[in-house]
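Worksheet for the structure shown next.
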Amino acid sequence: MNTKQLKTLYKKEIMDVLRDKKTILTMVVLPVILYPLLFLVVMQIMTMIMSNQEQQTYYVAYENVSSENQKALEKWIDGKEDGLDYVIKTKKSENPEKDLNAEEIDAYITTSVTAEQVVYEVHYLSAVTNSSSVSDMLKEEITAYSKKVAEKNVEKLGMDVKQVLYPVDSKLQDQSSNESSMGSLLGSFIPFLLITGIMTGCMYPAIDITAGEKERGTLETLLTLPIGNLELIISKFLSVATISIVSVFINILSIGGIVFYLYKTVVSLSKGMGTFRMTSFIPAILISVICVAAFALFMSAVVMCICAFAKSFKEANNYITPLTLVVMLTAYVGFIPNVELSTKTALIPVANICLLMKNLMVFKYDFTLILMVLFSNVIYAFVAVWFLSRIYDSESILFGESFSGIKLFERRKNIQKGSLPSIQESILILVVALLLMVYAGGVMSLSHPLAGVIVPQFFIGVLPVLACIYIKGDICKVFSIRKPAVRSVLGSLVLILGTASLSLLLSNVLSFFFKENSQALNDQYLNLLDGVSFPAALLLIALTPAVCEELLFRGYMFTAFRNRMSLPKAIFFVSILFAISHMSLIKILPTALLGAALAYAVYCSDSIFTSSLMHFLNNGFSVFILYYGDKIPLLKEEQAQTPFIIGMVVLAVAGILLGMKLLKRKDSE
2 MNTKQLKTLY
12 KKEIMDVLRD
22 KKTILTMVVL
32 PVILYPLLFL
42 VVMQIMTMIM
52 SNQEQQTYYV
62 AYENVSSENQ
72 KALEKWIDGK
82 EDGLDYVIKT
92 KKSENPEKDL
102 NAEEIDAYIT
112 TSVTAEQVVY
122 EVHYLSAVTN
132 SSSVSDMLKE
142 EITAYSKKVA
152 EKNVEKLGMD
162 VKQVLYPVDS
172 KLQDQSSNES
182 SMGSLLGSFI
192 PFLLITGIMT
202 GCMYPAIDIT
212 AGEKERGTLE
222 TLLTLPIGNL
232 ELIISKFLSV
242 ATISIVSVFI
252 NILSIGGIVF
262 YLYKTVVSLS
272 KGMGTFRMTS
282 FIPAILISVI
292 CVAAFALFMS
302 AVVMCICAFA
312 KSFKEANNYI
322 TPLTLVVMLT
332 AYVGFIPNVE
342 LSTKTALIPV
352 ANICLLMKNL
362 MVFKYDFTLI
372 LMVLFSNVIY
382 AFVAVWFLSR
392 IYDSESILFG
402 ESFSGIKLFE
412 RRKNIQKGSL
422 PSIQESILIL
432 VVALLLMVYA
442 GGVMSLSHPL
452 AGVIVPQFFI
462 GVLPVLACIY
472 IKGDICKVFS
482 IRKPAVRSVL
492 GSLVLILGTA
502 SLSLLLSNVL
512 SFFFKENSQA
522 LNDQYLNLLD
532 GVSFPAALLL
542 IALTPAVCEE
552 LLFRGYMFTA
562 FRNRMSLPKA
572 IFFVSILFAI
582 SHMSLIKILP
592 TALLGAALAY
602 AVYCSDSIFT
612 SSLMHFLNNG
622 FSVFILYYGD
632 KIPLLKEEQA
642 QTPFIIGMVV
652 LAVAGILLGM
662 KLLKRKDSE
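In terms of my numbering, the sequence shown opens at residue 2 and continues consecutively.
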């Protein structure tokens, strides 16, 4: 790497970013002025609302209430004995129900009287603020009145009030320090504000130095200069990361001002806050700054990757919007109670930094989890930068049609006959299919669990076929619908034997580390197939996915990826997407391995029937194990014996190598 070129390019990028007044606005004005302003405005509004509710006069009517009971309750509400300051006035009404619906009164009271007690029933409108508020006030007043009447009745009988009515009482003693109580509050909203600041801080610089340069036509000039792509990419990334990190520090200072204001306010209003020590938060702040800076690097790289596909500033804004929504929704995890930082959540981007700061604010210092959060974000940043470098190395991606070239959004009459699907179209179809699978499957599974799994497969299979028809694609070519050779069928059978063995070994290893997840997955399938015969389960769990999933992944999607990239990359990306679509962490690696074998079989045989056969046999074997696994002596052992493991390894290696040899094409790439 040429450091001199890197420094020059970095300086140039920083100067370009700082010349943009929108960047300065979002970096400085937003956090320094807007956050405190919003905080003060919200505090004032909340104070006004609470004060207004307490001072406002509420009107209540009575219906079918005896004069004695009405006067007694009115006297209690108007008196000082209740210790409450609510202003509730009685208003006469001929038709209280009608007046309540017309909002001429806020509530009305009726009674049901028995020999033992008088029950006051409060009628109100929960959809109306004043009516809802006065219902709570009346409930509090009537409860206090009931308590007072009970105490008087006990006193009349000459009994001890506490011994009869309150023989058991409770007191709450908070053992948390003042710092922990304040930290628990701050740990909920501060991470959300910081992530918002990071997004706004890196968004506009990233758009400007990627899509903005394309729109201005200066990117082509940069690429023709005698500089390496690595220096160009790193300089752009460092400039965006610098702006993002500076934005983080400005946000921290701004939020720190809000916290200091809160601290001074609480101290002035409470006598018990004298022992509050702000210095106790210094370690938490230092660790948070380091981890948040690493997260800012990751977000900068991700935003740049997305913006690199856009051709204009407007288009880049459209692409960033979904990412912003995902990040913001994930950042709400800090507000969810009982969601803790663990070895699993520490690896989830955005959520890990929110939960870490939530822990640090209450002085929970688990350095293993802290390092996991820190290094996971650093690793994610490196992966995102690597992906960004691949984008800048590909002119077809950098200057191609990007996401705007999706033929599904064009009029069908403008589409040429024999079109092939694009990567963007295949991903769009996958996303729509998964959304339908989640929503339709989720709704159906509430009443018919098995239908909730099978019916979504219909969408996975039908959507790519409809998309192919719309873009006037050749169905046989897009989905590789050809009769396979006998050698290809034999090779597919041998390959799936080796792949299934390796996948089984890998699943056993993962089950050892994730025992609970593995057992839960098995129980889920057993509950799903409860009462279903083996042939029916074979049809639903093995045959249906072997047809529908193959049409999408090894048909439409694999053709799209193969048309734009090399075979290894196409197999890799399609396999990863295939694994992710199964939405199971413990199944990602085995499923990706299976997906790679299926894609390779389609490529070598030029027929989707080979991958469908392999898919059916793999799923069919799983169904067989679920139904008859307990009758096989070797599988009854909790841990596989050494000879069995060795046999599976030999079978996996031999099956994969022999299967690939039988499937190998003469014109292989």
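Positions of the beta carbon are idealized from the N, C-alpha and C atoms, including for glycine.
Asked	Found
Classification of M204 by the beta-carbon crowding that lies within 10 angstroms, buried from 16 upward	buried
DSSP state of Y121 mapped onto helix, strand, coil	strand
Alpha carbon of F383 to alpha carbon of F299, nearest angstrom	8 Å
Contact set for A434: own chain, Cβ-Cβ below 6 Å, skip 5 residues either direction	F460, I461, L464
Extent of the continuous alpha helix (DSSP H) to which S113 belongs	No alpha helix (DSSP H) holds S113; the beta strand (DSSP E) holding it covers 108 to 114.
Per-residue burial, A103 [other beta carbons within 10 Å of its own, 16 or more giving buried]	exposed
Under the three-state DSSP convention, the category V66 falls into	coil
Member of K92, M279, I251 whose CA lies at the smallest distance from the CA of S178	M279
Identified DSSP bridge partners for I89	Y59
Where L464 falls: helix, strand or coil (DSSP)	helix
Under the three-state DSSP convention, the category E670 falls into	Only weak support is given to the placement of E670: the predicted model assigns it a pLDDT of 46, under 50, and the value that follows is read from those uncertain coordinates. In this structure, E670 counts as coil in the three-state DSSP scheme.
Contacts around Q640, its chain only, beta-carbon distance under 7 Å, and the 5 residues preceding and following it disregarded	The pLDDT assigned to Q640 is 49, lower than 50, so where the model puts this residue is not dependable, and the model offers no usable value.
Terminal residues of the alpha helix (DSSP H) in which E550 lies	545 to 551
Neighbour-count burial assignment, E670, 16 or more Cβ in a 10 Å radius	Note that E670 scores 46 on pLDDT, short of 50, meaning its location in the model is unreliable; the coordinates nonetheless yield the value given after this. Flag for E670 reads exposed.
Neighbour-count burial assignment, R555, 16 or more Cβ in a 10 Å radius	buried
Residue closest to I657, alpha-carbon to alpha-carbon, out of H616, L496, F562, Y601	L496
Residue nearest to A468 in terms of C-alpha spacing, selected from R483, K408, R488, V439	K408
F40 to V328 span [Cα, whole Å]	22 Å
Own chain residues within Cβ distance below 8 Å of T325, not counting five before or after	M200, M204
Euclidean distance between Cα positions of S289 and L357	8 Å
Closest by C-alpha distance to V150, when choosing among V334, S493, D83	D83
V129 CB to nearest heavy atom of the ligand COA below 7 Å	For the structure depicted, the ligand COA is absent and the ligand set is empty, with no information on it obtainable.
6 Å CB neighbourhood of V379 in its chain, flanking five on each side removed	A295
Cβ separation of A598 and I589, assumed to be a contact under 8 Å, to the nearest whole Å	15 Å between Cβ atoms; not a contact.
Distance between A441 and F610 (C-alpha atoms, nearest Å)	28 Å
Where I626 sits in the DSSP three-state scheme	helix
DSSP three-state assignment for F388, whether helix, strand or coil	helix
Counted within 10 angstroms of its Cβ, other Cβ atoms place I354 as buried (16 or more) or exposed	buried
Exposed unless 16 or more other CB atoms sit within 10 angstroms - verdict on N154	exposed
Of the listed residues L431, F625, G202, C292, nearest to E551 (C-alpha basis)	L431
Element boundaries [alpha helix (DSSP H), containing I191]	179 to 208
Buried/exposed call for I256, threshold 16 Cβ in 10 Å	buried
Unbroken alpha helix (DSSP H) run spanning L590, endpoints	589 to 606
Beta-carbon proximity list for M49, same chain, < 6 Å, skipping 5 on both sides	none
DSSP three-state assignment for V363, whether helix, strand or coil	coil
Nearest-angstrom Cα separation, counted from V241 out to F314	16 Å
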